[in-house]
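Residues 3 to 207 (the working numbering) are what the sequence shown spells out, left to right. Beta carbons are placed, not taken as given, at the ideal position from N, Cα and C, and that holds for glycine.
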Amino acid sequence: MGVKVKICGITNLKDALFAVKAGSNALGFIFYKKSPRYLSPVKAKAIIRQLPSSVKKVGVFVNAKEATIRKIAKECNLDLLQFHGEESSAFCDKFKGYRIIKVFRIKDKLDLKEIQGYKTFAYLFDTFSPLGQGGTGKRFNWDLIKHFKDLKRPIFLSGGLTKQNIKKAIRTVHPDWVDVSSSVELEPGKKDSIKIREFISVVKK
């Protein structure tokens, strides 16, 4: 199948449809109000209902309440839930019937035992920043996770991925998915169709 692509931080139908046409396998919708790419559930629902079923719709949450997540997941008909905060493994376990992507934000080392304590569908590795929860445009040391195939779960790689470095990232980490946001934007929340097409083209080659 090759490496799949998730375009995150979708805020409008035009960008969503273009990303799908360009070959994106999943789209991420951010339900975290402090994010510059925040999208209300009402707007997300309106976009999602116009997308093909073949594309995975991912809801991104940061330390949200269980009831809030369940309500949005149901309303928007989400395929996967991405937890980008300090959610515990016990909290993730509450969502039986949903596929959870747990995000680990990397500084300079990793606690493999802590990661393996999460029995979620997939793991996403992103760059740590004290300024925010994602979309930093900065990469971390990929060598830290290059042996993580042993985790026996799908691996999403994020953080500072561009068309210039994505081939090296894939060769180093061998992820199942690559997740991109800021490097394919004109500004936060507004995508650049040329950058999206070029990024996906390099990945799919």
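query: Cβ of ILE202 within 8 Å of Cβ of SER91?; result: no
query: Are the beta-carbon atoms of ILE74 and PRO38 separated by less than 8 Å?; result: no
query: In whole angstroms, give me the CA-to-CA distance for VAL180 and ARG101.; result: 17 Å
query: With a CB to CB cut of under 7 Å and the five nearest residues on each side skipped, what residues in its chain are close to CYS94?; result: PHE85, ILE102, LYS104, TYR120 and THR122
query: Quick one: residues in its chain with C-beta nearer than 8 Å to the C-beta of LYS59, no 5 flanking neighbours on either side, listed in chain order?; result: ALA28, LEU29, PHE31, ILE50, LEU53, CYS78, ASN79, LEU80, ASP81 and LEU82
query: Just curious, the alpha helix (DSSP H) that LEU15 is in, first and last residue?; result: 15-24
query: Cα-Cα, which of LEU15, ALA46, VAL22 and LYS154 is closest to PHE33?; result: ALA46
query: Along the beta strand (DSSP E) that carries ASP181, what are the first and last residues, could you check?; result: 179-182
query: Can you check which of these residues, VAL186, ASN65 and ASP145, is closest to ARG173 by C-alpha distance?; result: ASP145
query: Sort HIS176, LYS206 and GLU187 by Cα distance to LYS197 and report the nearest one.; result: GLU187
query: I believe THR129 touches PHE142 by the beta-carbon criterion, under 8 Å. Please report the beta-carbon distance rounded to the nearest angstrom.; result: 4 Å
query: What residues match up with ALA28 in a beta bridge as DSSP calls it?; result: LYS8 and LYS58
query: Exposed or buried, which one is LEU163 when buried takes at least 16 other CB atoms within 10 Å?; result: buried
query: In the DSSP assignment, find the beta strand (DSSP E) that holds GLU88 and state where it starts and stops.; result: Per DSSP, GLU88 belongs to no beta strand (DSSP E) and is neither H nor E.
query: If we ignore side chains and look at the alpha-carbon of each, how far apart do PHE158 and VAL182 end up?; result: 10 Å
query: Can you give the Cα-Cα distance for GLN118 and ARG155, rounded to whole angstroms?; result: 10 Å
query: For the candidate residues LYS169, ASP194 and LEU126, whose alpha-carbon lies nearest to that of LYS206?; result: LYS169
query: Taking DSSP as the reference, what is the three-state secondary structure of ARG155?; result: coil
query: Please confirm whether LEU112 and SER160 have their CB atoms less than 8 Å apart.; result: no
query: My understanding is that LYS36 touches GLU68, with C-beta atoms under 8 Å, so please give their C-beta distance in whole angstroms.; result: Between GLU68 and LYS36 the Cβ distance is about 19 Å, and since that is not below 8 Å, they are no contact.
query: Given a cut-off of 8 Å on the beta-carbon distance, is the pair PRO177 and VAL5 in contact?; result: yes
query: State the Cα-Cα distance for the pair PHE20 and ASP152, rounded to the nearest angstrom.; result: 35 Å
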